Amino acid sequence: MSVNLFKYQQFTICQEHAAMKVGTDSDLLGTLGEGGHRILDIGTGTGVLSLMFAQRYPEAQITAVEIDENAIIDAQRNFAESKFSDRITLHHSSFQDFLSSCKKDLQNPDLELQLFDSVICNPPYFDKSLECPDQGRSRARHSSSLPFDVLARGAYDLLTEGGVFSVCIPPEVLDAFSAECAFAGFALKNCYQIKSLPHKAPKRYVLVHQKGPTQPTRSYTYCIRNEDHSRSEWYKELMKDFLCLS
1349 MSVNLFKYQQ
1359 FTICQEHAAM
1369 KVGTDSDLLG
1379 TLGEGGHRIL
1389 DIGTGTGVLS
1399 LMFAQRYPEA
1409 QITAVEIDEN
1419 AIIDAQRNFA
1429 ESKFSDRITL
1439 HHSSFQDFLS
1449 SCKKDLQNPD
1459 LELQLFDSVI
1469 CNPPYFDKSL
1479 ECPDQGRSRA
1489 RHSSSLPFDV
1499 LARGAYDLLT
1509 EGGVFSVCIP
1519 PEVLDAFSAE
1529 CAFAGFALKN
1539 CYQIKSLPHK
1549 APKRYVLVHQ
1559 KGPTQPTRSY
1569 TYCIRNEDHS
1579 RSEWYKELMK
1589 DFLCLS
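Residue numbers 1349 to 1594, in our numbering, belong to the letters of the sequence shown in order.
Encoded structure:
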């Protein structure tokens, strides 16, 4: 199969144009994040998260937002060629513009019906000083395009009471991102610490935040691979409905 195609069990991802390709972050968030009846995917890229959540939540209606015109080309194709196409709506827009448009409906008496039960995002997280010359890749990877405070507060405003906001982030921005989520009003529901190998420090955190009162945070630690670098039984079980792993 071409390097520009990545095949899951129930859909295929074309990634010919998008700056960011399918990776472990998407697989982790796509399986550990939480959904609902109405799901918002911020920065959908190739659309892989929207498709994973469409598979996991058969009754869900999903809204995907993407700013990059090259990623839009791939997402449109991936959604159209999937069996979930009738449940996914794609918006070519920055999250800031999408949020502004949504807020114009504040006078609408049916506003509650327009809010989301779940927001998912692989947020951009590298410092501006590290930006690369590829504009699409830079915009996808760097927080200057979508500051943490704008993302957290926007997600909070668009969620119903009790709604969830799920993200996948690296350890170097954990404190900064968590602080913005707390400032926005979120409580941390679940914290998944993901290691590449058992003896290493966590490489990624999947965080599930909740709008409104919640119980104390539940924390979990998992490894993607065993010490001999074979895939762990946990990871194979996690991905069993999406990938065929030996």
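Idealized CB from N, CA, C, for every residue including glycine. Keep in mind the model is a prediction, meaning the values are calculated, not measured.
From the listed residues 1372, 1368, 1449 and 1373, the smallest Cα separation to residue 1422 is found for 1368.
In the DSSP assignment, residue 1404 falls within the unbroken alpha helix (DSSP H) covering 1396-1404. The alpha-carbon separation between residue 1412 and residue 1493 amounts to approximately 17 angstroms. Fully contained in the region 1498-1576 are the following alpha helix (DSSP H) runs of length 4 or more, in chain order: 1522-1532. In this structure, the straight-line span from the alpha carbon of residue 1352 to that of residue 1424 is close to 15 angstroms.
The residue from 1588, 1394, 1450 and 1370 with its alpha-carbon nearest to that of residue 1436 is 1394.
One alpha carbon belongs to residue 1514, the other to residue 1381, and they sit about 5 angstroms apart. Residue 1421 sits in a helix when the DSSP states are folded into three classes.
Three or more beta-carbon pairs drawn from the region 1534-1553 and the region 1505-1525 are found closer than 8 angstroms, and the two stretches are therefore classed as touching.
In this structure, residue 1590 sits away from residue 1363, with a CB-CB distance that is not shorter than 9 angstroms.
If you compare the alpha carbons of 1546, 1535 and 1409 with that of residue 1572, the shortest gap goes to 1546. Ranked by Cα distance from residue 1535, the first of 1500, 1548 and 1544 is 1500. Non-local C-beta neighbours of residue 1577 in its own chain, meaning closer than 8 angstroms and more than five positions away in sequence, comprise 1545, ordered along the chain. When 1497, 1540, 1558 and 1559 are compared, the shortest CA-CA separation from residue 1373 is found for 1540.
Taking all protein chains in view, the Cβ of residue 1429 is surrounded by fewer than 16 other Cβ atoms within 10 Å, so the residue is classified as exposed.
DSSP lists 1386 as the bridge partner or partners of residue 1409. Nearest to residue 1386 by alpha-carbon distance, out of 1410, 1561 and 1452, is 1410.
Considering only 1443, 1463 and 1586, the residue with the shortest C-alpha distance to residue 1498 is 1443.
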